[in-house]
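This report concerns only the one structure given below.
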Amino acid sequence: MANGGDTIRVKASQPVIGEGALGGAGRPLDRTAAGRDESPLAQAMRRLCKSTTALAGLVIVATLVLVAIFADVLAPDSPIASDQTQTFARPSADHPLGTDQLGRDMLSRVIHGTRLSLAVGVSSVVLALFLGVPLGMIAGYYGGRLDSVIMRLMDLVLAFPIYLLAIILMIMFTPTAGLIGTIKVVGAIAIVRIPIYARLVRGSVLSIKEKEYIEACRALGVRDPSIFLHHVLPNCLAPIIVTTTLGIATSIIVEATLSFLGLGTQPPTPSWGWDLKANVAFIQANPWLSLFPGLAIFVTVLGFNLFGDGLRDALDPRLK
7 MANGGDTIRV
17 KASQPVIGEG
27 ALGGAGRPLD
37 RTAAGRDESP
47 LAQAMRRLCK
57 STTALAGLVI
67 VATLVLVAIF
77 ADVLAPDSPI
87 ASDQTQTFAR
97 PSADHPLGTD
107 QLGRDMLSRV
117 IHGTRLSLAV
127 GVSSVVLALF
137 LGVPLGMIAG
147 YYGGRLDSVI
157 MRLMDLVLAF
167 PIYLLAIILM
177 IMFTPTAGLI
187 GTIKVVGAIA
197 IVRIPIYARL
207 VRGSVLSIKE
217 KEYIEACRAL
227 GVRDPSIFLH
237 HVLPNCLAPI
247 IVTTTLGIAT
257 SIIVEATLSF
267 LGLGTQPPTP
277 SWGWDLKANV
287 AFIQANPWLS
297 LFPGLAIFVT
307 VLGFNLFGDG
317 LRDALDPRLK
């Protein structure tokens with residue numbers, strides 16, 4: 007600035023420490039613009055971490071996974087070892103959940119039953135996922151007669167109530183004990199759930215395949231498998247993840263129902279559903295025999311449902 011013919015050069019003032027994070031009068035700046043720069047995944051994770059429902063479900067699920075992994079360490083006794091001198095023992099320090107009609111420790115059976123329930127629930131859903139997602143993609147992307155054939159087959163499966171179809175399949179497979187019996191249960195539940203993924207993915211693909219970037223890929227000669235993997239599937243992940251999480255809870259209930267009806271994995275493999283079946287006759291005199299397996303099913307299903315609901319809210323595009 008000029009002052010009596012002399013020129014005075016004034017340097018630009020340096021920002022006050024912390025001013026970059028503050029607005030006028032020391033007020034915080036609006037960070038809405040910064041939030042817009044977050045990736046969709048980062049926004050979903052932020053919403054998920056703020057969800058009490060999702061965190062509660064995650065704690066339950068994580069606890070169950072740890073129990074299943076360390077079942078051999080946590081169980082005080084063998085789940086199949088019987089003691090005829092300790093039949094129908096009431097809950098005590100030696101047997102916190104009591105014993106059944108064969109003198110088997112119920113705490114050990116409930117702990118080891120966690121391993122079977124989670125294994126069947128997760129495996130059946132993953133198998134249905136790997137079979138149903140490609141079918142849905144092919145039907146939605148190519149359309150025409152191929153779409154009609156695939157979806158009519160899916161409609162045929164969906165025409166049966168889920169439990170009725172699972173029962174029919176297990177009668178056909180013939181229930182057995184051990185690993186083979188568990189694989190049969192996984193296969194039956196997976197078949198029931200395949201149409202759910204096929205219809206879900208087909209609906210998403212029908213809306214995605216007309217997008218400009220898909221047309222551009224076709225024009226550039228990109229192969230269909232590459233389009234599926236790099237452009238179609240990523241846009242279907244959100245509903246697939248939510249459906250998978252909630253589907254595990256449903257699969258666990260189906261497995262328990264099959265075992266309760268005597269069509270699941272056969273003894274001596276510990277199963278919550280089988281323990282309910284074996285002890286339901288003694289429910290009046292010894293209610294704890296059915297209470298604890300039933301409570302285990304309830305807590306497990308609740309955990310996956312809470313976590314699935316939290317995931318759905320976090321991944322819902324309408325919340326962005």
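The sequence shown lines up with residues 7 to 326 when you count with this note's numbering. Virtual Cβ for every residue (Gly too), placed ideally from N, Cα, C.
Legend entry - TRP68: first and last residue of the uninterrupted alpha helix (DSSP H) it sits in: Residue identity differs from the one stated: residue 68 is Ala in this sequence, not Trp. Per DSSP, ALA68 belongs to the alpha helix (DSSP H) from 58-75.
Inset, instruction - Use the C-beta contact count for MET112: other C-beta atoms within 10 angstroms, 16 or more gives buried, fewer gives exposed. - result: buried
Inset, instruction - Tell me whether the beta-carbon of LEU124 lies closer than 8 Å to the beta-carbon of ALA77. - result: no
Inset, instruction - Taking only the alpha-carbon atoms, compute the straight-line gap between TYR203 and GLY104 and give it to the nearest angstrom. - result: 42 Å
Inset, instruction - Compute the Euclidean distance between the alpha carbons of THR69 and LEU152, then round it to the nearest angstrom. - result: Cα to Cα, THR69 sits roughly 44 Å from LEU152.
Legend entry - Neighbourhood of GLY119 by C-beta, 6 Å cutoff - its chain only, sequence neighbours within 5 removed: PRO276, SER277 and TRP278
Legend entry - Beta-carbon proximity list for PRO97, same chain, < 7 Å, skipping 5 on both sides: LEU103, GLY104 and TRP294
Legend entry - C-beta atoms of VAL248 and GLY142 nearer than 8 Å: no
Legend entry - Run of the alpha helix (DSSP H) containing GLY150, from where it starts to where it stops: 150-164
Inset, instruction - Compute the Euclidean distance between the alpha carbons of GLN290 and ASP83, then round it to the nearest angstrom. - result: Distance between the alpha carbons of GLN290 and ASP83 is about 26 Å.
Inset, instruction - Grab me the residues of SER88's own chain with a C-beta within less than 7 Å of its C-beta, minus the 5 sequence neighbours each way, in chain order. - result: LEU108, GLY109 and ARG110
Inset, instruction - Let me know the secondary structure DSSP gives ALA99 once reduced to three states. - result: coil
Inset, instruction - Report whether the distance from the Cβ of GLY300 to the nearest heavy atom of the ligand SAM is below 7 Å. - result: Within the structure as shown, the ligand SAM is missing, as the structure has no ligands at all.
Legend entry - LEU206 in three-state terms, based on DSSP: helix
Inset, instruction - Would you tell me roughly how many angstroms separate the C-alpha atoms of LYS215 and VAL191, rounded to the nearest one? - result: Their Cα atoms are separated by approximately 36 Å.
Inset, instruction - Use the C-beta contact count for PRO299: other C-beta atoms within 10 angstroms, 16 or more gives buried, fewer gives exposed. - result: buried
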